[in-house]
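Participant:
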Amino acid sequence: MTSCNTRSSVFDGGVAPSAPVPPPLPAVPVPVSVLFSTTMSPAGLIGGRPSQGRLLLTQPAPAGGKTVALSTDDPSVTLPPNAHIPQGADAVTFPVTTAPVNADRQATITASLDGRTASGTLSLWSLALPTFFSFSNETVAPNGDRTFVTRRVTADSGRFSAFCSRHRVSIWISSSAQSASWSAEFMSRNTSTPLRTGTYQVQCTVLGGCSFEMGPTLSLSGTGICGAVPGGSFTIHELDMTSRGVVRRFYATFEERCTGTSRVTGEVRLTNPERLADDTSCLTP
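Position in the sequence shown (from 1) plus 305 gives the number in the working numbering.
Given below as structure tokens:
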């Protein structure tokens, strides 16, 4: 008897219908290595001292590497004509030399690669800025009245001395005209962390009795300065010091909380202060 079902199948010798062919996947773009940034370290220094530039690519350099052209708009800055980033690397450093300047200014360092540029700035400092220490100690009475004790000492009216190590700058100021003396110490979070420009939230004070290793520390003492408790902040705007403990230039602003509702705010700027004779214990090897 012949079956009425005449539909073919792969089991009785028929051919199965073919599945639709999917469209081809789009080509995956190959990452291109282009110039991403140009930075300086340190980003600010006294003219005549060296710095170091760093170039960063978006991707590792391809076969043959990448050669980046370098230029600057400041005649006091000397750069190599170019820097080569080898195959497989995404960054390279290059030397930057500077000459003394008569006034503070900013130099622009520009890197060029494949039609793209990336610029960084380098602050060049002179030695002409004044040395001074100033602060205002604010006290708030229970009735809300505010009183201020304000002092300012310059190099003409006081004596400034300082030393530094990798993680701190210590400053002493005395004024025979005011029959007063002060000290200010700025420390990073621990002995292995270099002190750099930037803002630090104070976790410790010497009078607060906490351990230095707990965080950044600000220590202020002297005539007219209140007793501190942990808290406050300081910002280092400029910092130039040698590896042998010599402070060449330093500028910082600060705020320290005191017992109750009092606080002390101020700033200190040093340019080639006197170096202490007994600072050998704080020198960086």
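Every residue, glycine too, gets a C-beta built ideally from N, C-alpha and C.
A quick note: this is a predicted structure, and the numbers were derived from the prediction, not measured.
By how many angstroms is the C-alpha of A446 removed from the C-alpha of A348?
Facilitator: Counted from its first residue, the sequence shown places residue 348 at position 43. Counted from its first residue, the sequence shown places residue 446 at position 141. C-alpha separation (whole angstroms): 44 Å.
Participant: Check whether the Cβ atoms of L375 and I351 sit closer than 8 Å, and answer yes or no.
Facilitator: As a working note, residue 375 is residue 70 in the sequence shown. As a working note, residue 351 is residue 46 in the sequence shown. Going by C-beta atoms, L375 is not nearer than 8 Å to I351.
Participant: What is the rounded straight-line gap between the Cα of G358 and the Cα of S439?
Facilitator: For this step, residue 358 is matched to residue 53 along the sequence shown. For this step, residue 439 is matched to residue 134 along the sequence shown. Approximately 35 Å between the Cα atoms of the pair.
Participant: Please check the pair T576 and I541, which I expect to be a contact at CB under 8 Å, by giving their CB distance rounded to whole angstroms.
Facilitator: Locating residue 576 in the sequence shown gives position 271, where the first residue counts as 1. Locating residue 541 in the sequence shown gives position 236, where the first residue counts as 1. Not confirmed; about 15 Å, so no contact.
Participant: Helix, strand or coil: which one does DSSP assign to R501?
Facilitator: For the purposes of this step, residue 501 is taken as residue 196 along the sequence shown, with counting starting at 1. Residue state, collapsed to three classes: coil.
Participant: Inspect the CB distances between the region 414 to 433 and the region 481 to 496 and report whether three or more fall short of 8 Å.
Facilitator: No, the region 414 to 433 does not touch the region 481 to 496.
Participant: According to DSSP, is H472 part of a helix, a strand, or is it coil?
Facilitator: As a position in the sequence shown, residue 472 is number 167, starting the count at 1. Here H472 sits in coil by DSSP.
Participant: Provide the residue(s) that pair with D409 in DSSP beta bridges, ordered along the chain.
Facilitator: Numbered from its first residue, the sequence shown carries residue 409 at position 104. According to DSSP, D409 bridges with nothing at all.
Participant: Would you mind sorting V552 into buried or exposed? The rule is 16 or more other CB atoms within 10 Å of its CB.
Facilitator: Start at 1 with the first residue of the sequence shown, and residue 552 comes out as number 247. With 16 or more Cβ atoms within 10 Å of its Cβ, V552 is classed as buried.
Participant: For a test of the three-state rule: what should DSSP assign to L418, helix, strand or coil?
Facilitator: Here residue 418 refers to the residue found at position 113 of the sequence shown. Correct three-state label for L418: strand.
Participant: Using DSSP with H/G/I as helix, E/B as strand and the rest coil, what is A404?
Facilitator: Against the sequence shown, residue 404 aligns to sequence position 99. Three-state result, A404: coil.
Participant: Skipping 5 residues on each side, what residues in its chain have a beta carbon closer than 8 Å to that of S567?
Facilitator: If you number the sequence shown from 1, residue 567 lands on position 262. Here the set comprises N442, E443, T444, V445, C531.
Participant: Using the rule of at least 16 other Cβ atoms within 10 Å of the residue's Cβ for burial, across every protein chain shown, is R421 buried or exposed?
Facilitator: On the sequence shown, position 116 is the one that residue 421 refers to. Under this definition R421 is an exposed residue.
Participant: Should V406 go down as buried or exposed, given a rule of 16 or more other Cβ atoms within 10 Å for buried?
Facilitator: In the sequence shown, the residue the question calls residue 406 occupies position 101. So V406 ends up on the buried side.
Participant: Can F437 and E579 be called in contact, C-beta distance under 8 Å?
Facilitator: Here residue 437 refers to the residue found at position 132 of the sequence shown. Here residue 579 refers to the residue found at position 274 of the sequence shown. Cβ atoms of F437 and E579: not closer than 8 Å.
Participant: Whose C-alpha, out of T426, S431, V397, is nearest the C-alpha of Q411?
Facilitator: Numbered from its first residue, the sequence shown carries residue 411 at position 106. Cα-wise, what sits closest to Q411 is T426.
Participant: With DSSP run on the structure shown, which of helix, strand or coil describes Q506?
Facilitator: Start at 1 with the first residue of the sequence shown, and residue 506 comes out as number 201. Note: Q506 maps to strand in three-state DSSP.
Participant: Taking just the CA atoms, how far does M345 sit from Q483?
Facilitator: Here residue 483 refers to the residue found at position 178 of the sequence shown. Here residue 345 refers to the residue found at position 40 of the sequence shown. Each residue's alpha carbon lies about 42 Å from the other.
Participant: Would you mind listing the beta strand (DSSP E) stretches within the region 334 to 384 that are 3+ residues and don't spill past its ends, in chain order?
Facilitator: Listed in chain order, the complete beta strand (DSSP E) runs (minimum 3 residues) inside the region 334 to 384 are 340 to 346, 349 to 351, 356 to 362, 371 to 377.
Participant: Secondary structure at N448, three-state DSSP: helix, strand or coil?
Facilitator: Sequence index remark: in the sequence shown, residue 448 carries index 143 (1-based). DSSP places N448 in coil when its eight states are reduced to three.
Participant: Determine the contact status of S424 and K371, defining contact as a CB-CB distance below 8 Å.
Facilitator: Here residue 424 is taken as the residue at index 119 of the sequence shown, counted from 1. Here residue 371 is taken as the residue at index 66 of the sequence shown, counted from 1. Not a contact, by the Cβ cut-off of 8 Å.
Participant: Considering only their Cβ atoms, is the gap separating S342 from L361 smaller than 8 Å?
Facilitator: The sequence position of residue 361 within the sequence shown is 56, counting from 1. The sequence position of residue 342 within the sequence shown is 37, counting from 1. In contact: L361 and S342 (Cβ atoms closer than 8 Å).
Participant: I want to check one thing, is the minimum distance from the CB of G370 to the heavy atoms of the ligand HEM below 7 Å?
Facilitator: The ligand HEM is absent from the structure shown, which contains no ligand whatsoever.
Participant: So, at 7 Å on beta carbons, what are the nonlocal neighbours of T363 in its own chain, with the 5 sequence-adjacent residues on each side left out?
Facilitator: Numbered from 1 along the sequence shown, position 58 holds the residue referred to as residue 363. So the qualifying residues of the chain are S338, V339, F341.
Participant: If the criterion is Cβ atoms closer than 8 Å, does the pair P435 and T459 meet it?
Facilitator: The residue you call residue 435 lines up with position 130 of the sequence shown. The residue you call residue 459 lines up with position 154 of the sequence shown. The answer is yes: Cβ separation under 8 Å.
Participant: Should A394 go down as buried or exposed, given a rule of 16 or more other Cβ atoms within 10 Å for buried?
Facilitator: Looking up residue 394 in the sequence shown gives position 89. Per the 10 Å Cβ criterion, exposed.
Participant: Taking G529 and F468 to be in contact with their CB atoms under 8 Å, please state how far apart those CB atoms are, rounded to whole angstroms.
Facilitator: What you label residue 529 is simply residue 224 of the sequence shown in a count that begins at 1. What you label residue 468 is simply residue 163 of the sequence shown in a count that begins at 1. Not quite, the Cβ-Cβ distance comes to about 24 Å (not below 8 Å), so this is no contact.
Participant: Is the separation between the beta-carbon of T377 and that of T402 shorter than 8 Å?
Facilitator: Position 72 of the sequence shown, counted from the start, is the residue given in the question as residue 377. Position 97 of the sequence shown, counted from the start, is the residue given in the question as residue 402. For T377 and T402, no; Cβs fall outside 8 Å.
Participant: Can you check whether the CB of V507 is closer than 8 Å to the CB of G527?
Facilitator: Here residue 527 is taken as the residue at index 222 of the sequence shown, counted from 1. Here residue 507 is taken as the residue at index 202 of the sequence shown, counted from 1. No, the Cβ-Cβ distance between G527 and V507 is not below 8 Å.
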